[in-house]
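The sequence shown stops at residue 395 when you use our numbering, and every number in between is there. Ideal Cβ placement from N, Cα and C applies to all residues, glycine included. These numbers were taken from a predicted model, which means no experiment stands behind them. Report on the following structure.
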Amino acid sequence: MDTQVGIVGGGPAGLMLSHLLHLQGIESVIVEARSRERLETEVRAGVLEQNTVDLLRETGVGDRMDREGAVHHGIELRFDGQGHRIPLSDLTGGCEIVLYGQHEVVKDLIGTRLDAGARIVFEAEAVGLRDIESRKPTIRYRHDGEDHELRCDFVAGCDGYHGVSRPSIPAEERTEYDQKYPFGWFGILAEASPSSDELIYTLHERGFALISTRSAKVQRMYFQCDPNDDAESWSDEQIWEELQTRTETHDGFTLNEGPIIEKSVVGMRSFAVEPMQYGRLYLAGDAAHIVTPTGAKGMNLAVRDVSTLAQALTAWYEKGQTKLLDDYSNTCLKRVWKTQRFSWWMTSMLHSFHDDEGFQHNLQLAELDYVTSSQAAATSLAENYVGMVFDE
Ligand code: DHB
Numbered sequence: 004m005d006t007q008v009g010i011v012g013g014g015p016a017g018l019m020l021s022h023l024l025h026l027q028g029i030e031s032v033i034v035e036a037r038s039r040e041r042l043e044t045e046v047r048a049g050v051l052e053q054n055t056v057d058l059l060r061e062t063g064v065g066d067r068m069d070r071e072g073a074v075h076h077g078i079e080l081r082f083d084g085q086g087h088r089i090p091l092s093d094l095t096g097g098c099e100i101v102l103y104g105q106h107e108v109v110k111d112l113i114g115t116r117l118d119a120g121a122r123i124v125f126e127a128e129a130v131g132l133r134d135i136e137s138r139k140p141t142i143r144y145r146h147d148g149e150d151h152e153l154r155c156d157f158v159a160g161c162d163g164y165h166g167v168s169r170p171s172i173p174a175e176e177r178t179e180y181d182q183k184y185p186f187g188w189f190g191i192l193a194e195a196s197p198s199s200d201e202l203i204y205t206l207h208e209r210g211f212a213l214i215s216t217r218s219a220k221v222q223r224m225y226f227q228c229d230p231n232d233d234a235e236s237w238s239d240e241q242i243w244e245e246l247q248t249r250t251e252t253h254d255g256f257t258l259n260e261g262p263i264i265e266k267s268v269v270g271m272r273s274f275a276v277e278p279m280q281y282g283r284l285y286l287a288g289d290a291a292h293i294v295t296p297t298g299a300k301g302m303n304l305a306v307r308d309v310s311t312l313a314q315a316l317t318a319w320y321e322k323g324q325t326k327l328l329d330d331y332s333n334t335c336l337k338r339v340w341k342t343q344r345f346s347w348w349m350t351s352m353l354h355s356f357h358d359d360e361g362f363q364h365n366l367q368l369a370e371l372d373y374v375t376s377s378q379a380a381a382t383s384l385a386e387n388y389v390g391m392v393f394d395e
């Protein structure tokens with residue numbers, strides 16, 4: 004089988020790339036290890052920044068997001084038992100964020116691609132890439148117990164941190180940056196009514212907590228935990244006690260409780276590879292970088308990668324231009340490092356490091372005080388959070 008662009012991975016990056024290419028008349032095939040059902044139900048993050056929202060709308064996949072997603076104009080930073088609002092829209096000339104689960108975006112993209120006749124091979128494990136330095140690279144994959152090959156002009160490696168794409172770049176040709184953190188996030192979904200109209204990011208002596216939402220009936224919450232914790236070893240009572248303690252305020256905040264329908268522990272790391280391209284292989288999304296979740300940037304960054312890649316491939320197919328393809332890695336990496344910086348900064352401001360006698364904690368409180376009292380500092384947070392500053 005042949006195609007123009009072979010895409011390894013059918014998460015948000017791979018699907019969005021396939022969609023953008025299709026709109027430019029460029030054919031692609033997606034090879035994805037997971038089942039369609041798993042992709043459409045897997046619980047992931049849920050904040051879409053303005054750029055992502057605009058792109059989904061402009062390319063015709065924003066209808067359900069507009070109906071079911073919740074538009075937010077601010078976030079709250081909470082510390083010392085008090086909440087402080089960061090008015091994102093006021094500080095950014097009207098930019099907003101939309102709360103809409105990543106798997107919902109994936110569901111919308113899969114539906115749109117399949118309706119347009121796309122080939123997505125689900126439950127097909129990519130086992131390797133061949134000839135990526137040539138003009139006809141090949142994706143090798145296993146599907147239904149048989150080996151297959153997909154020959155294409157370009158390969159987009161959208162197969163996440165553990166995929167085959169990144170290791171296909173010879174080790175001596177790539178540099179990897181990896182930061183681990185001494186904590187993880189305990190994430191839950193609970194059947195409860197919302198406790199707040201906007202997201203709450205809180206620093207408490209016991210650690211970070213985040214109150215987010217999915218709908219009027221289902222709430223998403225996280226709290227800092229030991230990265231080696233087993234989610235099942237925490238009882239529901241313990242989880243609520245931890246969340247209640249960390250979100251308490253002096254003026255009596257009520258955190259609504261309800262049955263916990265999902266719980267998991269995610270590790271925390273920052274990772275980046277340079278370059279993001281080798282031969283005719285282009286990496287995008289988690290295959291190339293992981294940011295800490297505190298800035299809510301993971302999927303948004305992936306969408307920006309593939310938007311850059313789709314433009315570059317379009318210039319190549321339409322006009323034979325190679326400049327945008329040649330620039331792909333540098334263009335993306337500039338943005339990746341800005342996003343790493345913001346995500347790292349939010350993480351270091353809002354988590355307990357438990358590694359000193361309170362010096363760090365006092366610095367964090369001073370930082371939070373500054374960010375919530377200086378308009379300049381609040382604007383800096385806001386323009387990063389809504390994603391205004393990544394393509395300047
Ligand atoms: C959510 C996840 C994040 O990482 C974040 O910073 C904010 C919200 C969420 O899943 O809703």
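Worksheet item: Along the chain, where does the beta strand (DSSP E) that runs through Ser92 open and close?
Response: Translated into the one-based positions of the sequence shown, residue 92 becomes position 89. Premise fails: Ser92 lies in the alpha helix (DSSP H), 91 to 94, not in any beta strand (DSSP E).
Worksheet item: Cα-Cα, which of Ala119, Lys139, Gly288, Gly28 is closest to Ser273?
Response: Counting from one through the sequence shown, the residue named residue 273 turns up at place 270. It is Gly288 whose Cα lies nearest to the Cα of Ser273.
Practice prompt. Would you kindly report the start and end of the unbroken beta strand (DSSP E) that includes Gln227?
Written response: Here residue 227 refers to the residue found at position 224 when the sequence shown is read from its first residue. 221 to 228 is the span of the beta strand (DSSP E), which, as asked, contains Gln227.
Discussion item. I want to check one thing, is the minimum distance from the CB of Arg272 to the heavy atoms of the ligand DHB below 6 Å?
Written reply: For the purposes of this step, residue 272 is taken as the residue at position 269 of the sequence shown. Not so, every heavy atom of the ligand DHB lies at least 6 Å from the Cβ.
Practice prompt. Compute every distance between the C-beta of Ser215 and the non-hydrogen atoms of the ligand DHB, then say whether any falls below 6 Å.
Written response: On the sequence shown, position 212 is the one that residue 215 refers to. Yes; taking the cut-off as 6 Å, the Cβ of Ser215 has a heavy atom of the ligand DHB nearer than that.
Worksheet item: Is the Cβ-Cβ distance between Ser31 and Thr6 less than 7 Å?
Response: As a working note, residue 31 is residue 28 in the sequence shown. As a working note, residue 6 is residue 3 in the sequence shown. Yes; because the gap between Cβ atoms is below 7 Å, this pair is in contact.
Worksheet entry | Integer Cβ distance of Ser199 from Leu284, believed to fall under 8 Å | Taking the first residue of the sequence shown as 1, we reach residue 199 at position 196. Taking the first residue of the sequence shown as 1, we reach residue 284 at position 281. That pair is no contact at about 44 Å.
Item to complete: With a threshold of 6 Å, establish whether the CB of Arg223 neighbours any heavy atom of the ligand DHB.
Response: The residue you call residue 223 lines up with position 220 of the sequence shown. At least one heavy atom of the ligand DHB is nearer than 6 Å to the Cβ of Arg223, so yes.
Worksheet item: Counting along the chain, where does the alpha helix (DSSP H) carrying Trp340 start and finish?
Response: On the sequence shown, residue 340 is found 337 positions in, with the first residue counted as 1. 326 to 353 is the span of the alpha helix (DSSP H), which, as asked, contains Trp340.
Worksheet item: Are the CB atoms of Arg143 and Glu149 nearer to each other than 7 Å?
Response: As a first step, residue 143 must be located in the sequence shown, where it is residue number 140. As a first step, residue 149 must be located in the sequence shown, where it is residue number 146. Cβ atoms of Arg143 and Glu149: not closer than 7 Å.
Worksheet entry | Beta-carbon proximity list for Glu370, same chain, < 8 Å, skipping 5 on both sides | On the sequence shown, position 367 is the one that residue 370 refers to. So the list reads Met352, once near-sequence residues are dropped.
Item to complete: Taking only the alpha-carbon atoms, compute the straight-line gap between Gly97 and Leu26 and give it to the nearest angstrom.
Response: Here residue 97 refers to the residue found at position 94 of the sequence shown. Here residue 26 refers to the residue found at position 23 of the sequence shown. Going from the Cα of Gly97 to the Cα of Leu26 covers about 29 Å.
Worksheet item: To the nearest angstrom, how far is it from the Cα of Gly190 to the Cα of Val269?
Response: For this step, residue 190 is matched to residue 187 along the sequence shown. For this step, residue 269 is matched to residue 266 along the sequence shown. Those two C-alpha atoms are separated by around 8 Å.
Worksheet item: Considering Leu286, what are the terminal residues of the beta strand (DSSP E) in which it resides?
Response: For the purposes of this step, residue 286 is identified with residue 283 of the sequence shown, where counting begins at 1. Residues 284 to 286.
Worksheet item: Which same chain residues, not among the five before or five after Leu20, have their C-beta less than 8 Å away from its C-beta?
Response: Here residue 20 refers to the residue found at position 17 when the sequence shown is read from its first residue. Excluding sequence neighbours, Leu20 sits near Val8, Ile10, Ser31, Ala159, Cys161, Ala287, Val309, Leu312, Ala313.
Worksheet entry | Val50 CB to nearest heavy atom of the ligand DHB below 6 Å | One-based indexing of the sequence shown puts residue 50 at position 47. Checking the Cβ of Val50 against the ligand DHB gives yes.
Worksheet item: Taking the runs of the alpha helix (DSSP H) that are 4 residues or longer, which of them lie wholly in the region 48 to 117?
Response: 53 to 61, 66 to 71, 91 to 94
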